[in-house]
Amino acid sequence: MEEGSSDCFERSGEFFNPVLTMGTQVSCLLVISHFFQLLIKPFGQPAPLAQILAGFVLGPSCLSHIDSVKAFFFYNSADYYETLALYARIITMFLIGLEIDFPYLRRNLRVASIIACGSSFICTIFAIAVTSFVYEETGAQGSGVIMTLTLAIILSNTASPFVTRLAHDLKFANTDLGRLAISSSLIADAYAVLLLIIISRTKDEFRFSDWLLRGFLYLVIVVTAVFLNRYLADWLNTRQRNQKYLKNTELFVLIAILFVSATSLETMGFSSIIACFIVGAMFPRGGKAGRTLLIKLSYSVHNFVLPFYFGYSGFKADVTHVNSFRNFAVVAMVILLSIGGKVTGTLVACLHLKIPLNEGVLLSFLMNLKGHVDLVALTIGVEDKVISSQLFYNLMTAAVVINSLIWGPLIAFTVRRESDILGYKHIAFEFQCPESELKLLACVHSPRPVATMIGLIATCKGSENVAITPYLMHLIELPEKNKTKILLYHQKEEDELSDDENYGGNDVVEINEAVDIFCAETGVMIHQAKVVAPYANMYADVCEFAEDARASIIILPFHKHQRIDGKLESGKEGIRITNQKVLLHAKCTVAILIDRGLTAGSMHTSGCGSLQHIAMLFFGGQDDREALGLSKRLGMHHHINLTVIRFLHKSVPRENIGIDIDPKEDDVLMAISSHESEADADNRVLTDFFNRFVTSGQAGYVMKHVENGEETASALKDMADMYSMFIVGKGSRGHSTLTTGISDWEECPELGRVGDFLASPDFELSGSVLIVQQYRPMNADEDQ
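Here you go:
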């Protein structure tokens with residue numbers, strides 16, 4: 001009986017032991033990778049480097065060289081590693097597709113393709129040239145063509161997951177250079193996958209009909225997965241409107257479709273890398289489905305899947321085979337040829353595209369990162385017996401991993417060194433082209449101003465051809481009783497799945513629904529974020545997020561809100577404190593919106609034909625010039641009628657006004673004052689505005705001559721009901737005869753004199769007001 005039980009235990013142990021051991025091994029990999037990340041993070045090194053290094057240390061190159069450790073990590077576990085790596089690759093590529101800035105990729109497909117193809121082409125030429133040498137030195141006996149294709153993959157591939165994660169870790173993923181690098185790496189990955197498919201099919205006898213049938217099945221599976229996900233996502237988004245996020249069972253169905261499709265392609269002999277990316281890229285962005293997937297997958301992938309995914313790459317390397325000069329020469333040659341091909345091809349492409357040299361060098365460095373496709377190609381070659389040399393497999397695996405370990409720290413060093421091109425460089429609206437891409441961050445504390453904020457986002461887009469990347473941030477106060485208890489948990493965005501009323505409650509449902517309706521009607525994706533912090537520190541999260549997102553402007557809600565009778569009622573004082581601190585510390589333009597039910601909120605509906613009248617009040621100064629620059633974008637919207645109203649002192653002669661129109665020649669003349677630089681700048685921007693927008697009929701221009709603040713106030717009251725929105729610069733605290741005495745007292749100095757008057761309870765105004773402050777490097781020293 002005992003012997004029978006022992007036999008049963010051994011047989012069950014043979015079945016279950018690899019599974020249990022695999023869990024322990026993955027846990028070891030996660031722990032060591034996070035340990036290495038803590039060590040190298042102070043030196044500015046990215047997380048993928050720590051994860052590859054952890055796998056390298058655990059692998060046969062280091063610890064697994066010890067017999068007991070090797071038995072623990074390699075006994076009956078190879079197939080499990082391959083399977084887990086496959087699942088990790090599926091979910092990682094899906095998440096990359098879900099996060100990718102698809103509009104940017106579509107707009108810059110030509111540029112990204114030239115960079116990717118340039119580097120891949122040179123590397124392929126190098127692979128053809130070096131094949132015979134590597135073939136002889138490694139004692140290979142398989143197909144020379146397959147070895148050439150494998151070398152082409154190793155030299156030309158760029159690991160898009162590595163590039164994406166590294167760009168986010170080093171905080172340049174939202175820059176033009178970062179987005180271009182990610183897009184180029186995806187195209188280079190696609191080229192490598194194409195070669196991988198050729199390698200995987202060469203073991204079978206070539207039949208054109210068979211390739212055609214398999215290609216058709218590949219297309220059918222991908223298209224079916226895309227349409228199933230889109231249909232289910234749209235149905236789930238409308239199924240329960242009062243539900244914040246999808247339930248786990250609903251999420252499981254969407255993920256199951258992805259995994260069934262991907263594993264079907266893998267079974268057919270195709271790589272699922274590009275298919276998973278396409279399914280993710282085509283997934284509906286708006287709605288609960290996309291929002292829930294981003295939140296849950298981001299946390300799990302970044303903290304559990306990627307450490308294993310990158311760690312597995314390091315785990316595969318065995319540098320102990322580089323034990324002779326010949327083997328070292330082969331590895332060194334492959335690494336140098338990869339570097340040479342990528343750098344040469346990328347720099348030539350950048351020269352053709354007129355990309356600056358320093359940006360081209362960093363791009364070429366990023367294109368050198370290697371990843372999983374290289375290892376898959378080597379594994380397929382060995383398993384299908386198209387590559388018979390185990391030495392070739394070992395040396396190439398070592399070359400791939402060593403290459404990544406070299407370039408990770410080098411790129412981190414280069415990014416810090418080139419902080420002038422990758423750092424946060426704010427360009428004021430005064431100097432921006434209104435057709436350039438706009439990135440903005442709009443903040444709300446409750447659902448009340450969301451409609452107005454969304455309407456403002458729609459109008460800020462201006463022309464239909466202008467690219468816009470809007471962010472809507474929900475600012476939630478962290479209660480005093482929970483400051484020390486939950487602060488660390490809620491510093492990360494993954495906590496958004498909490499249904500606690502203290503952290504959004506039903507407000508989240510209303511905000512999400514408004515955003516989803518806007519996205520469905522316009523096709524413009526609004527990226528959502530949430531900050532849970534005490535009001536005293538909330539400004540730091542807002543400023544940091546704006547800097548990471550490279551936002552050109554932060555739009556904040558006024559701390560007062562409109563009552564039913566039209567009067568403004570004070571809200572929480574903490575909102576005002578946050579606004580004041582953001583104005584003081586933000587490194588970009590900041591605007592405060594006084595919401596009086598801006599009817600432009602409906603302008604994002606394509607069928608709406610109402611014309612909104614907006615007035616830009618120009619008194620002079622850099623804040624007014626910034627407000628004018630922003631107004632240009634609004635004036636290009638087809639539902640906006642913009643009028644710039646310039647206030648001038650009555651004593652100013654008409655010939656020195658700055659803009660004068662000769663009725664005969666219809667020319668715009670600028671009077672330049674030699675002693676007043678602010679007036680020169682005002683005349684310059686107004687002349688440019690007049691020449692482009694007024695003469696073409698896109699905007700109106702009016703001059704108001706006033707003697708003092710009382711006449712200014714009277715003029716503003718006369719136009720109170722004429723416009724649905726007023727835009728004005730905050731202005732300096734200095735003396736100005738046009739605004740001095742505009743009101744009896746100043747209630748909200750953070751709005752400036754004119755803004756404070758427009759927000760005062762004595763001023764009956766039906767339109768909303770947007771007060772704009774231009775970023776000044778020394779504004780932290782100014783008295784706000």
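Take 1 as the starting number for the sequence shown in full-length UniProt numbering and just add one per residue.
Here a beta-carbon is modelled for each residue, glycine too, at the ideal position from N, C-alpha and C.
Self-check item: Nearest residue (CA-CA) to E513, options Y539, P447 and K171
Solution: P447
Quiz item: According to DSSP, is L478 helix, strand or coil?
Solution: Looking at L478 - three-state DSSP - the assignment turns out to be coil, as it is neither helix nor strand.
Self-check item: Buried/exposed call for R776, threshold 16 Cβ in 10 Å
Solution: exposed
Exercise. Quick one: grab the DSSP three-state call for H445.
Key: In this structure, DSSP gives H445 a state outside helix and strand, which the three-state scheme calls coil.
Practice problem: Could you check which residue in A720, T158 and I32 has the C-alpha nearest to that of L369? | Solution: T158
Quiz item: So, are the CB atoms of V305 and A88 less than 8 Å apart?
Solution: yes
Practice problem: Return helix, strand or coil for R646, following the three-state DSSP convention. | Solution: strand
Self-check item: Given L84 as reference, the closest of L337, P470, S313 and I592 once Cα atoms are compared
Solution: S313
Practice problem: Mind listing, in chain order, the continuous alpha helix (DSSP H) runs of no fewer than 4 residues lying wholly within the stretch 565-598? | Solution: 573-585
Quiz item: Can the beta-carbon of G709 be found closer than 8 Å to that of D623?
Solution: no
Exercise. State the Cα-Cα distance for the pair G571 and P409, rounded to the nearest angstrom.
Key: G571 and P409 have their C-alpha atoms some 49 Å from each other.
Exercise. May I ask which residues mark the beginning and end of the beta strand (DSSP E) holding M538?
Key: Counting along the chain, M538 falls outside any beta strand (DSSP E), though it belongs to the alpha helix (DSSP H) covering Y535 to A549.
Quiz item: With C-beta atoms as the reference, is A533 less than 8 Å away from L472?
Solution: no
Quiz item: Can you tell me whether DSSP reads K70 as helix, strand or coil?
Solution: helix
Quiz item: Going by the CB atoms, is the gap between Y231 and K288 shorter than 8 Å?
Solution: no
Exercise. From the DSSP output, read off the bridge partner residues of F618.
Key: R646
Exercise. Please say whether L294 and L98 have beta carbons closer to each other than 8 Å?
Key: yes
Exercise. State the DSSP-derived secondary structure class of F726, mapped to helix, strand or coil.
Key: strand
Practice problem: Determine the direct distance from the alpha carbon of L297 to that of V69, and round the result to whole angstroms. | Solution: 32 Å
Quiz prompt | Candidates I517, N237 and T131: closest to L251 by CA position | solution = N237
Quiz item: What residues are listed by DSSP as bridge partners for K439?
Solution: T469
Quiz prompt | Assigned exposure category for R550 - 16 Cβ within 10 Å defines buried | solution = buried
Quiz item: For the 8 Å Cβ check, are there 3 or more pairs between the stretch 571-586 and the stretch 691-701?
Solution: no
Self-check item: Helix, strand or coil at V361 according to DSSP, with G and I counted as helix
Solution: helix
Exercise. State yes or no: is the C-beta of D680 within less than 8 Å of the C-beta of R625?
Key: no
Quiz item: Looking at C-alpha atoms only, which residue of G311, I614 and Y104 is the closest neighbour of G31?
Solution: The amino acid occupying residue 31 in the given sequence is Val; Gly does not appear at that position. It is G311 whose Cα lies nearest to the Cα of V31.
Quiz item: DSSP puts H527 in a beta bridge; with which residues?
Solution: Y471
Quiz item: Can you tell me whether DSSP reads L556 as helix, strand or coil?
Solution: DSSP places L556 in strand when its eight states are reduced to three.
Quiz item: What number of angstroms, rounded off, separates the C-alpha of S766 from the C-alpha of S724?
Solution: Taken atom to atom, the span from the alpha-carbon of S766 to that of S724 is near 7 Å.
Quiz prompt | Nearest neighbour of A720, chosen from Q698, N323, R563 and M616 [CA to CA] | solution = M616
Self-check item: Supposed close pair G59, A317 - CB separation, criterion 8 Å
Solution: 6 Å
Quiz item: Based on Cα-Cα distance, which residue from I122, W407 and I727 lies nearest to L366?
Solution: Nearest option by C-alpha distance: W407.
Quiz prompt | For Q562, three-class secondary structure by DSSP | solution = It is a strand residue.
Exercise. In the DSSP assignment, find the alpha helix (DSSP H) that holds K342 and state where it starts and stops.
Key: Run containing K342: F325 to H352, per the alpha helix (DSSP H) assignment.
Quiz item: Does DSSP put I640 in a helix, in a strand, or in coil?
Solution: strand
Exercise. Just the C-alpha distance for G658 and T687, rounded to the nearest angstrom, thanks.
Key: Residue placement at G658 is flagged as unreliable, the pLDDT there being 45, under the threshold of 50; a coordinate-derived value is accordingly withheld.
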